[in-house]
Structures are given as structure tokens and as C-alpha cells.
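Per mature numbering (1 follows the signal peptide of the UniProt record, and there is no 0), the sequence shown runs over residues -26 to -1, 1 to 194. Glycine included, every Cβ here is placed at the ideal spot set by N, Cα and C. What follows is one structure encoded as C-alpha cells, with my remarks underneath.
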Amino acid sequence: MNSKSVLGVLGTAAATVVLVAGCSGASDTATGTSTTPSAAATSSAATSAAHNAADTAFVQGMIPHHTQAVQMSEMAAQRASNEQVKQLATRIQQAQGPEIEQMRGFLAAWGEPETGSAGPSGSLGGMDHGSMNGSTSMPMSQGTGGMMTDQQMQRLGQADGTAFDRMFLQMMTEHHNGAIQMARTELAQGQNPDAKALAQKIIDDQQAEITEMQQLLATL
């Protein structure tokens, strides 16, 4: 075999080695890439499922709290006379309806029931709030998250016109103040980052709405 033939064979062999090595490297890279999202997803799922008793109490209490706010806002659509009050009520419905579903998703991910006993948030998740306070006075007693009694809801449902507007704004302000206190407790004692992010959103949104309601009350 002449020298040119030997060089040709060696060149072919070297090219084959390079090609095989390149394929192997690409395979390793592809394998590494395919496992990274899976690991990230597992880590994310673990983070979202990590929670403590304060998280559970906050969500279990805030679901009925939001539900009552939606009910009050539905009344406003029918009974309010002030257009700004109606618009505010619509925004409350649009904000809190999806948040209710979000919180139900939290509980499902955590393996927790939707109802529970009193917890660190100061709410009474799953209990009959109408039976907690027989008084028909406007402010609720502390510890009920600012929720209205059955009697108060009945009074609101019987009012109309400007009387309804005033009563709605006063009750919703009290209701919002209760939600803010519950959310602050969650920020201080909770663990789950998603629940705490929602708590901060509730504080920001509802504090702004309280300011708006106070301004509206001054015009009625």
C-alpha cells in the first residue's frame, strides 16, 4: 500500500471518530436538556404545595368571605341608584370571582378541604357566619373578618336607592377591612408563596377600594 493510500485510510478513520464523538456529545446535551424542565417542574410543584396551617386557614376563611362580597355586589347591580356604586360592585365581582376559584385550586393542590375551623387568619372558614353574631348593628364583632350577618344581608336586600348605596358602601368598607386584616395575618404567618402573593394583592386592591368608597360616601 502506498503512502497516499495509508493517509487516506487514516483520514477516514479520524473523521469517523470525530463524527461518533460529535453524535455522542449531542446526545448527552439533548438528554441533559430534556431532564431540566422536568426537574424544574417538580421543584415548582413542590413549592406550590408547601404550606402551613396559616395558609390553609387564610384560604378556607377567604373563600366564604369573597363569596359574600360577590353576593353583596350582585345586590348592587339590581338595587343601587348611583352609577359609580354599580361600577364598583361590578369590579368587585370581576376581581373576587376568579380569586375564589384560584383559592379552591390552592386547597386542591394542598390536599386540604374547603371548610375548616377557626385559624390564625382570624376567619371562621366553613362556619355559618350568620349565626356568629345576632346583632343587627353595622360593625361586626372582631374575629369574624368583617363579614355580615344574615340579618345585615337581609337589611341590605330590602334597601334601595340612595339608602342602599350608603348601606352597601358602609358594609363593604367593613367587609374589606376584615379581608385586609386576614391578608396581613397571612403575610406574617403563612408559608406558601402563591397564597402570600394573593394576600398582598387583596391588601392592595381592597385598600384602594376602601378609599374610593369613602370618597363616594362623602358625595351621597
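Going by C-alpha positions, Q58 is about 8 Å away from L190.
Annotated as distal: T123 and F32, with beta-carbon spacing of 9 Å or more. Look at A133 here: in three-state DSSP terms it is coil, with no helix or strand label. Proximity to H149 across W84, A23, V44 peaks at V44, based on C-alpha coordinates.
Bounds of any alpha helix (DSSP H) do not take in L194, whose DSSP letter is neither H nor E. Between Q70 and the set Q155, I37, L143, G135, the nearest pair of CA atoms involves I37. With respect to the C-alpha of F142, the residue from L81, W84, E186 having the closest C-alpha is E186. Distance from the CA atom of Q155 to the CA atom of D179, rounded to whole angstroms, is 13 Å.
Nearest in C-alpha terms to T136, of all of G120, S55, G85, is S55. When the beta-carbon positions are compared, S22 and N151 stay at least 9 Å from each other. Residue environment analysis places L172 among the buried positions, since at least 16 neighbouring C-beta atoms fall within 10 angstroms of its C-beta. For the options Q174, A28, I66, G79, the alpha carbon positioned closest to that of M146 is the one of I66.
Beta-bridge pairing by DSSP links A50 to no other residue. A Cβ-Cβ contact shorter than 9 Å links G131 with M49. DSSP places A63 inside the alpha helix (DSSP H), whose first and last residues are 57 to 84. Taking a C-beta distance under 9 Å as the contact criterion, Q174 and L161 qualify as a contact pair. CA-to-CA, the gap between W84 and A169 works out to about 11 Å.
Ranked by Cα distance from F80, the options F138, I177, Q34, A192 are led by Q34.
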